[in-house]
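Colleague: One structure is given below, represented as structure tokens, and several questions about it will come after.
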Amino acid sequence: MSRTPASALYWRILGINGLIFAAGTTALAVGPVTVSSPILLRELPVLAVGLAVMMAANAFLLRAGLAPLAGLSALMTRMDSLRSRDRLPASGSGDLFHLVDQFNAMLDRLEADRSTSTAVVLDAQEAERRRIAQELHDEIGQSLTVVLLELKSVVNRAPEEVAEELRGVQEVVRSSLDEVRRVARRLRPGVLDDLGLTSALTALATDFSGAGGPRVTRRVQTGLEGLGADAELVIYRIAQEGLTNVWRHSGARNAELSLTQEKDGRVVLRVADDGSGPPAEIGAGGDPGGVGGRPPSKGMAGSGIHGMRERAMLIGARLTIGPSNGGGTEVRLVVPPPGDRPS
1 MSRTPASALY
11 WRILGINGLI
21 FAAGTTALAV
31 GPVTVSSPIL
41 LRELPVLAVG
51 LAVMMAANAF
61 LLRAGLAPLA
71 GLSALMTRMD
81 SLRSRDRLPA
91 SGSGDLFHLV
101 DQFNAMLDRL
111 EADRSTSTAV
121 VLDAQEAERR
131 RIAQELHDEI
141 GQSLTVVLLE
151 LKSVVNRAPE
161 EVAEELRGVQ
171 EVVRSSLDEV
181 RRVARRLRPG
191 VLDDLGLTSA
201 LTALATDFSG
211 AGGPRVTRRV
221 QTGLEGLGAD
231 AELVIYRIAQ
241 EGLTNVWRHS
251 GARNAELSLT
261 QEKDGRVVLR
271 VADDGSGPPA
281 EIGAGGDPGG
291 VGGRPPSKGM
301 AGSGIHGMRE
311 RAMLIGARLT
321 IGPSNGGGTE
331 VRLVVPPPGD
341 RPS
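If you number the sequence shown the way full-length UniProt numbering does, the last residue is 343 and the count never jumps.
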């Protein structure tokens with residue numbers, strides 16, 4: 001029958017205590033110390049010192065043996081299902097360090113399963129967005145275009161008093177057509193597939209600035225290397241969600257969208273505003289792990305934050321949300337070089 005970690009820990013503690021008591025018994029048996037019955041007053045200090053030594057040795061050995069449990073408990077307390085690669089160093093030997101190895105292996109399996117399932121869900125979401133965008137463009141967009149052409153023909157033949165009203169209807173239909181096209185672009189940006197990430201982010205900032213939202217200042221670096229289609233889509237979606245939250249929740253008048261690549265190959269996306277600041281659940285530390293699904297008090301939508309964190313996890317990127325220098329909120333995504341991303 002193989003030993004389990006629990007039984008190994010039991011025998012380890014039993015052996016430590018047995019060794020200490022055996023050492024104490026041996027010291028009494030072969031040493032010059034004697035114990036009378038009843039115990040004499042001068043013998044009490046000797047017994048007290050011996051007991052203190054035994055307890056100190058026992059405490060030291062147990063503390064050293066159980067030290068991995070403290071680190072394991074701390075890891076369980078701070079563990080976040082969307083914060084990858086948070087592990088306990090398994091340095092040393094013994095059954096408890098074997099337990100740490102097993103716990104780290106379990107986290108590896110859970111993160112791999114979570115990453116796989118999240119990728120499947122997000123791929124299905126992107127496919128559905130693509131389908132809806134296509135239908136909006138091909139069905140509703142074309143129908144509205146036909147309506148506009150018919151209205152133009154009717155306006156040309158109608159009396160002036162009726163034509164004026166029809167022109168107002170034309171403007172309404174034209175605005176609806178523009179809105180349908182704008183929604184279709186947000187659902188599936190064709191410019192991302194056709195012209196690349198830089199052009200897509202530029203168009204995104206222009207759309208938000210022209211839609212009555214805050215003025216978006218963009219600083220997008222060209223010639224980014226080593227991103228790939230998956231990373232580009234994650235960056236675009238997080239920038240889109242960040243700007244959407246700025247528009248809907250922050251009350252900001254100005255926003256900044258920047259994308260740069262550092263010398264070590266990391267790509268940094270930053271969306272900042274001068275609005276009401278980050279949710280109270282995130283606080284000044286900028287750690288999104290504290291949100292945990294609770295509804296935010298202000299600034300950004302909790303489901304949007306969770307979606308951004310899930311997307312960041314897929315490419316091994318780090319997402320932080322906290323106060324910006326302008327007093328609002330800053331969303332910062334750091335994408336590692338290709339060699340440091342999950343395969």
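Every residue, glycine too, gets a C-beta built ideally from N, C-alpha and C.
1. With DSSP collapsed to three states, give me the class of E139.
2. From the DSSP output, in three-state form, read off N254 for me.
3. Could you give the distance in angstroms between the alpha-carbon of P336 and the alpha-carbon of L319?
4. I'd like the span of the alpha helix (DSSP H) that includes residue 344, first residue to last.
5. Measure from the alpha carbon of L72 to the alpha carbon of each residue in A59, R63, A57 and P89, then state which is nearest.
6. Could you tell me how far apart the beta carbons of G275 and S250 are, in whole angstroms, since I believe they sit closer than 8 Å?
7. Helix, strand or coil for L333? Go by DSSP, reduced to three states.
8. For G322, list the residues DSSP reports as bridge partners.
9. Just to check my reading of the structure: G307 and N245 have Cβ atoms closer than 8 Å, yes? What is that Cβ distance to the nearest angstrom?
10. Tell me the rounded alpha-carbon separation between N104 and A312.
11. Drop a sphere of 10 angstroms on the beta-carbon of L19, count the other beta-carbons inside from all chains shown, and report buried for 16 or more, exposed for fewer.
12. Look up G289 in the DSSP assignment and say whether it is helix, strand or coil.
13. Output the residue ranges of the alpha helix (DSSP H) runs that lie fully inside the region 180 to 216 and measure 4 residues or longer, sorted by chain position.
14. Going by DSSP, which residues form a beta bridge with R218?
15. State the CB to CB distance for the pair V267 and L224, rounded to an integer number of angstroms; the pair is presumed to be in contact (CB under 8 Å).
16. Classify D101: buried if its beta carbon has 16 or more other beta carbons within 10 angstroms, exposed otherwise.
17. Using only alpha-carbon positions, find the residue among P338, R332 and E310 that is nearest to R114.
18. Hey, could you find the ends of the alpha helix (DSSP H) residue 418 is sitting in?
19. The alpha helix (DSSP H) that contains I235, what's its start and end?
20. Leaving out the 5 sequence neighbours to the left and right, which residues in its chain are closer than 8 Å to I140 when beta-carbon positions are compared?
21. Pull up the distance between the alpha-carbon of V334 and that of L269, whole angstroms please.
22. Considering Cα atoms alone, identify which of I238, E330 and I13 is closest to R186.
23. Just to confirm, are L314 and L197 a CB contact at a threshold of 9 Å?
24. Given A272, which residues of its chain have a CB within under 6 Å of its CB, disregarding the five upstream and five downstream residues?
25. Please work out which residues of its chain come closer than 6 Å, Cβ to Cβ, to G168, disregarding the five sequence neighbours upstream and downstream, and give them in chain order.
26. Between the Cα of D193 and the Cα atoms of A231, F21 and P338, which residue gives the shortest distance?
27. Please state whether the Cβ-Cβ distance between A124 and A184 is less than 9 Å.
28. Pick helix, strand or coil for P295, following the three-state DSSP scheme.
29. Please check the pair L151 and Q170, which I expect to be a contact at CB under 8 Å, by giving their CB distance rounded to whole angstroms.
30. Note down the Cα distance separating S209 from L99, rounded to an integer number of angstroms.
Modeller: Answer, in terms of the structure:
1. It is helical.
2. Three-state DSSP puts N254 in a strand.
3. 11 Å
4. Since the displayed the chain opens at 1 and closes at 343, residue 344 lies outside it and no answer follows.
5. P89
6. 3 Å
7. In the three-state DSSP reduction, L333 falls in the strand class (E or B).
8. E330
9. Going by Cβ atoms, the distance from G307 to N245 rounds to 11 Å, so no, they are not a contact pair.
10. Distance between the alpha carbons of N104 and A312: 21 Å.
11. exposed
12. In this prediction, G289 scores a pLDDT of 42, lower than 50, which makes its location untrustworthy; no coordinate-derived value is stated.
13. 190 to 195 and 197 to 210
14. L257
15. 6 Å
16. exposed
17. E310
18. With the chain represented from 1 up to 343, any question about residue 418 goes unanswered, as that position is not in the structure.
19. G228 to N245
20. Correct list, in chain order: V180.
21. 7 Å
22. I238
23. In this structure, L314 sits away from L197, with a CB-CB distance that is not shorter than 9 Å.
24. E256, S324 and E330
25. none
26. Of the listed residues, the one whose Cα sits closest to D193 is A231.
27. no
28. Note that P295 scores a pLDDT of 38, beneath 50, so its modelled location is shaky; the value from the coordinates is reported in the next line. Three-state result, P295: coil.
29. 5 Å
30. 54 Å
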